[in-house]
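Working notes, structure below.
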Amino acid sequence: MERRLAERLALDAPCFIEADTAKGRFPVMLCNVSPGGAMIGLPPGEEVMAVGDMLRLRAMPASLAPFSEGVSGRVMWCAGNRCGVQFDMPLPVTTEALRTLLLEMD
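FYI, the numbering for the sequence shown is 1 to 106, going by the UniProt record's numbering.
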């Protein structure tokens, strides 16, 4: 069963997440992103997130920050040190606009 509603665009960019639990704020890598969600990579050896955890993205890459800084979401799956996050509200940008912004990051 396909869970994604939009194409995910690959990237490798550091940011922080703030968990709505005692886990607090910690660094992660954005592995891919779409208007509806993202995959994050947790620090090596850390399994600090669980399905259902709520979080906010912080310290986003400059080109993505205007519409994604502080976006909230829920962890939908975890596998090893990676987690899939579904945003509470889709980002106000199309997949094509995201693709253009990511190309500008290179």
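Ideal Cβ positions, reconstructed from N, Cα and C, are used throughout, including at glycine.
- Here PRO35 is buried: its Cβ has 16 or more other Cβ atoms, across all protein chains shown, within 10 Å.
- A buried status is given to VAL33, since no fewer than 16 other beta-carbon atoms sit within 10 Å of its beta-carbon.
- No Cβ-Cβ contact shorter than 8 Å links LEU42 with LEU11.
- At the C-beta level, GLY37 and GLY84 come within 8 Å of one another.
- Within the same chain, and ignoring the five residues on either side of THR95 in sequence, the residues whose Cβ sits closer than 8 Å to its Cβ are ALA6, GLU7, LEU9, SER34 and PRO35.
- Here the C-alpha atom of MET105 lies approximately 11 Å from the C-alpha atom of LEU98.
- Residue pairing by DSSP leaves ARG99 without any beta bridge partner.
- Partner residues in the beta bridge of LEU57, as assigned by DSSP, are ILE17.
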